[in-house]
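Sequences listed follow chains A and B, in order.
For the first sequence, the numbering used here gives the first residue as 15, with consecutive numbering after it.
For the second sequence, the numbering used here gives the first residue as 60, with consecutive numbering after it.
C-beta: ideal position from N, C-alpha, C; glycine also.
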Amino acid sequence: MAVRAVIVGNGVAGIEAARTLQSARPDAQISIVSEESDHFFSRTALMYVLSGQMRYRDIEPHSRALYSELGVERVRKRALGIEGRTLLLEGAPALPFDVLLLACGSSPRPPPWPGSGLRGIGHFVTLQDLEWLEGEVHGRSGADRPPRAELLSRDPGSPYRARPRGAGKALAPIVIGGGLIGIEVIETLLAAKRKPRFVIKDRWFWPVALDARESGWVAEALRAHGVEVDLGVEVERFVDDGTGAVGRAVIGGKEVPCDLAVVAIGVVPNVAWLGPSGPRIAGGGIAVDTGLETSIQGVFAAGDCASVPSADGGEPRPEQLWYTARDQGRIAGKRMAGLAATYARGTWYNSAKLMDIEYTTVGHVPPSHRPSEGLTDVFHEEKGRVRSTTRLVLENDRVVGFNALGRRWDHSVIAEWIEAKKDLGFVRANLRKAAFDTELVPPLEW
Amino acid sequence: MYLQAQEGLMSTYRQGWRRRDVFAWILAIGFLSFYLTLYYTDFFTPFAVALGLRNKWYLYGAIYSLVMIGGGAYYLKHHGSSRYNRVRITVNVAVQVLLAFTLPFVMTMLGEKEHYFSYLWPLKIEYMYPQTLATLPVYMVAYSIAASFVVMPILTIRYGKRWYCSWICGCGALANTLGDPWRHLADKSDRAWSVEKVTVHTVMVLAVVTTALVAWNWRWGGSMPALSAFVFKLQEVYGFVVGAILAGIVGVAVYPVLGARIWCRYFCPMAAMLGLIQKLGRFRVAVKPDMCISCGNCSTYCEMGIDVRAYAQNNQSFTRASCVGCGMCAHVCPRGVLKLDNGGAASAKRPGRLPIVD
């Protein structure tokens, strides 16, 4: 009999799982449950829709015919929990399953400060956040937006709820949280000709990925665009403007005007809905084994919501990256098809663009704001025709990590060196082989 | 200092004239009217004479040069953070201003017959008509033949068609200057790709057949008057439909509503020929494995309507016949996944590093 598979989540983990499962078991009956959207979209590209660089349809990575081509049934409902071998849904009969994948992602971490419930305070993680922020910054006019018919939930606790449309002013916007979402919102506000304030509680931007030297360059780029960068300060409270909307914010003991606050202080796995009868939780996410199976047999988890076993034997924790979600989704798809597969994340890598500064990281680069376990690094700064920084993290003489700004690198080449335990001399001598700059860019001199 | 490399693109869809609003249509009708007036009336002749430019075509050449310089400045302002973009657009505009306007103008001043060194057969089909060749000095005949049959294939094998379409050609230069604000309007659908393959290769075959028949007619036409009359007609129709209507009038008038490379993509016989050679050559768009986040910037800003993301998210380096190597996909990628190169082995699908243990 055909396997009945239910996937909770229409993001990259869910879609990759459905594609993998369908190709391994073409007869599988697959349902994708999503509260957020009818179609899979690239969450990492939401900022480009807000800025006006792309339309919403442009950030959908596949043709909308994908679901019918895969024979996948879509269920636009809120999942409420697991009961036996069924998934409970809001306002619909429970869905029976033989195998279930929880790829339900994460939600923005809620702001802990007094006044956080005022209008004009929100996040930038979901499709509904895009809709809300679009209204706050641009009002009714502007670029193509996701059609409102796609918005579903009115539950005040849901990150996917529809919200009242803003006035399109955002004359004194504040972005809170020194990470990737924060800087993306800053960029979209700059594109909308606003001068945002960037409030970061750490001493420099994104300390988990950048050291003070690297981050200093990013702060310089932000300030050159007129961003007020507040480092090492905390938000204390928001103040009502008299209409139920935010009017001012108290930050580091100072009261500043604020008619829009975007809170980007991290995300937390969506696990609360599973309740006590759900699978075991660990490290904030759904605990899985190396085959991505949860404590309930036949129930798998992948992506932002899953706590995967740590490679170094430490606490299981979620790996909240596009790439890990994609890879985990593919493994989970194989498992749901009844095939053996093991997730063992290889060498870490990531990239981003911080304003106009390219960023690539490979391997083990310890968070710069905490003491690092006996590691050293060599750092090179280039300020010629190209501006760049290159940092190699060393354990004795062996290169274990790579952190670079300003140039493009092929992470796969560097990952091979790290896995082959190459030393500093080798990596320095061969670094050009990993260069991935666009043509005519002069090579790095080091 | 830029917001992102693509700072110049961030407000694309916030500008109505760049997303087919009424003003875009008015602009398109304006361009169309301008070309119809230029081609089929003498309206511009008195202005040309008053400016000492002899005839309306030199006046057009002057306007064309100025528009390209202005559009080149727009391009640099928006995409100038990439060195490839800077060098490419500067060379392309300079080639056009010098070889497509200044040099022909000076040649006629010196009593020579004008010659556009930047145009080659089959784009300028009459450059291989025997009757044209017969009137040219030997060095120009040698130039035309060598450029079309020796230099063109060699450079295309080595560097792809971009050496011509994005560094030399006037249609490309106008598309990337005047037309650049509308590059995202290129149709990315599979249907458009199917249509493009049929139309562009049809025009290419027509260009070759027309050239061959015109040559035959020149040498032997006298013996078969009926066929000779047909060849005259074909030559005339090709010149009118392809040379004037498609390349000149439609090609530019549709910029604000369909994007800037309509002529290059659907109709240019030179682009079709270069594209076939490109498929055999070393040029490719290299894809770095596993780093694509499927954001869609590359596909959105491809002026030839290539769905670059479909390859990138599949870890697949590729060569598409239509790719003119403008470099914008690589430029706008926020994760540095794409790179134009001349390294060959285009079809290689790089294995991802997904750690699956079966």
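Would you tell me roughly how many angstroms separate the C-alpha atoms of residue i and residue j, rounded to the nearest one?
i: Ala315 (chain A); j: Ile345 (chain A); result: 10 angstroms
i: Arg294 (chain A); j: Arg340 (chain A); result: 23 angstroms
i: Val264 (chain B); j: Gly229 (chain B); result: 22 angstroms
i: Tyr94 (chain B); j: Gly307 (chain B); result: 7 angstroms
i: Ala449 (chain A); j: Arg422 (chain A); result: 6 angstroms
i: Thr258 (chain B); j: Ile304 (chain B); result: 15 angstroms
i: Ser282 (chain B); j: Ile122 (chain B); result: 46 angstroms
i: Arg90 (chain A); j: Trp287 (chain A); result: 16 angstroms
i: Ile337 (chain B); j: Pro240 (chain B); result: Residue identity differs from the one stated: residue 337 (chain B) is Gln in this sequence, not Ile. Taking the straight line from one Cα to the other gives about 27 angstroms.
i: Ala235 (chain A); j: Thr161 (chain B); result: 42 angstroms
i: Arg368 (chain B); j: Gly261 (chain A); result: 42 angstroms
i: Arg79 (chain B); j: Val316 (chain B); result: 6 angstroms
i: Ala132 (chain B); j: Glu459 (chain A); result: 31 angstroms
i: Leu233 (chain B); j: Met127 (chain B); result: 6 angstroms
i: Pro271 (chain A); j: Val281 (chain A); result: 26 angstroms
In its own chain, which residues sit with a C-beta less than 8 angstroms from the C-beta of residue i, not counting the 5 before and 5 after it?
i: Tyr370 (chain B); result: Val344, Val346, Ser376 and Phe377
i: Leu408 (chain A); result: Leu389, Thr390, Asp391, Val392, Val414 and Leu438
i: Phe103 (chain B); result: Thr96, Leu97, Lys115, Leu118 and Tyr119
i: Tyr134 (chain B); result: Asn144, Ile148, Asn235, Thr236 and Asp239
Please list the terminal residues of the continuous alpha helix (DSSP H) segment that includes residue i.
i: Thr34 (chain A); result: Val26 to Ala38
i: Asp143 (chain A); result: Leu141 to His152
i: Ser248 (chain B); result: From DSSP, Ser248 (chain B) is part of no alpha helix (DSSP H); its letter is neither H nor E.
i: Cys164 (chain B); result: In the sequence under discussion, the amino acid at residue 164 (chain B) is Phe, which differs from the Cys named in the question. Element bounds for Phe164 (chain B): Leu162 to Met168.
i: Arg142 (chain B); result: Arg142 to Val154
i: Asp112 (chain A); result: Here Asp112 (chain A) belongs to no alpha helix (DSSP H), and DSSP marks it neither H nor E.
i: Ile197 (chain A); result: Leu194 to Ala205
i: Gln74 (chain B); result: Unbroken run through Gln74 (chain B): none, as it is neither H nor E.
Residue i versus chain A: which residues are under 7 angstroms apart at the beta carbon?
i: Met69 (chain B); result: Ser65, Gly66, Gln67 and Ala205
i: Thr359 (chain B); result: Met68 and Asp72
i: Lys398 (chain B); result: Phe450 and Thr452
i: Gln372 (chain B); result: Pro75
The beta strand (DSSP E) spanning residue i covers which residue range?
i: Trp398 (chain B); result: The amino acid occupying residue 398 (chain B) in the given sequence is Lys; Trp does not appear at that position. Start and end: Leu397 to Asp400.
i: Leu306 (chain A); result: Looking at the DSSP string, Leu306 (chain A) is not in any beta strand (DSSP E), and its letter there is neither H nor E.
i: Val189 (chain A); result: Pro187 to Ile190
i: Arg343 (chain B); result: Arg343 to Val346
i: Pro122 (chain A); result: Ser120 to Pro122
i: Phe314 (chain A); result: Val313 to Ala315
Within 10 Å of its beta-carbon, does residue i have 16 or more other beta-carbons around it, so buried, or fewer, so exposed?
i: Asn276 (chain B); result: buried
i: Gly75 (chain B); result: exposed
i: Gln67 (chain A); result: buried
i: Glu74 (chain A); result: buried
i: Met350 (chain B); result: buried
i: Ile85 (chain B); result: exposed
i: Ser65 (chain A); result: buried
i: Thr140 (chain A); result: buried
i: Lys220 (chain B); result: buried
i: Glu387 (chain A); result: exposed
i: Val296 (chain B); result: exposed
i: Tyr198 (chain B); result: exposed
To which residues of the same chain is residue i closer than 6 angstroms at the C-beta, ignoring the five residues directly before and after it?
i: Trp127 (chain A); result: Val249 and Arg251
i: Glu396 (chain A); result: Ser402
i: Lys398 (chain B); result: Ala345 and Ala389
i: Ile96 (chain A); result: Gly292
Could you work out which residues of chain B lie near residue i, taking near to mean beta carbons separated by less than 7 angstroms?
i: Val337 (chain A); result: Looking at the sequence shown, residue 337 (chain A) is not Val but Tyr. Going along chain B in sequence order, the residues near Tyr337 (chain A) (Cβ under 7 angstroms) are Asp349.
i: Glu491 (chain A); result: Because chain A spans 15 through 460 in this model, residue 491 (chain A) falls outside it and cannot be assessed.
i: Asp143 (chain A); result: Those do not exist, as Asp143 (chain A) stays about 17 angstroms from chain B at its closest Cβ, beyond 7 angstroms.
Find the residues of chain A that neighbour residue i, judging by a C-beta separation of less than 9 angstroms, and give them in chain order.
i: Tyr143 (chain B); result: Thr452, Glu453, Leu454 and Val455
i: Gly386 (chain B); result: Thr452 and Glu453
Name the chain A residues that come within less than 8 angstroms of residue i, Cβ to Cβ?
i: Leu214 (chain B); result: In chain order: nothing, as chain A lies at least about 16 angstroms away.
i: Val146 (chain B); result: Leu454
Would you mind telling me which residues of chain C sit closer than 7 angstroms to residue i, beta carbon to beta carbon, in chain order?
i: Cys354 (chain B); result: Here the protein chains are A and B, and chain C is not one of them.
Could you name the residues of chain B that residue i contacts, counting a contact when the two beta carbons are closer than 8 angstroms?
i: Arg39 (chain A); result: Simply none; closest approach about 15 angstroms.
i: Arg422 (chain A); result: Gly395 and Lys398
Could you list which residues in chain B have their beta carbon closer than 9 angstroms to that of residue i, in chain order?
i: Ile378 (chain A); result: Strictly speaking, residue 378 (chain A) in this sequence is His, with Ile absent from that position. The contacting residues do not exist; His378 (chain A) stays about 16 angstroms from chain B at best.
Please work out which residues of its chain come closer than 7 angstroms, Cβ to Cβ, to residue i, disregarding the five sequence neighbours upstream and downstream, and give them in chain order.
i: Arg78 (chain A); result: His53
i: Gly119 (chain A); result: Gly23, Gly25, Asn284, Gly317, Asp318 and Cys319
i: Phe90 (chain B); result: Val311, Ala312 and Tyr314
i: Val441 (chain A); result: Leu406, Val413 and Trp431
i: Leu13 (chain A); result: Nothing about residue 13 (chain A) can be read from this structure; chain A reaches only from 15 to 460.
With respect to 7 angstroms, is the separation between the Cβ of residue i and the closest non-hydrogen atom of the ligand MN below this value?
i: Leu194 (chain A); result: Because no ligand of any kind appears in the structure shown, any question about the ligand MN cannot be addressed here.
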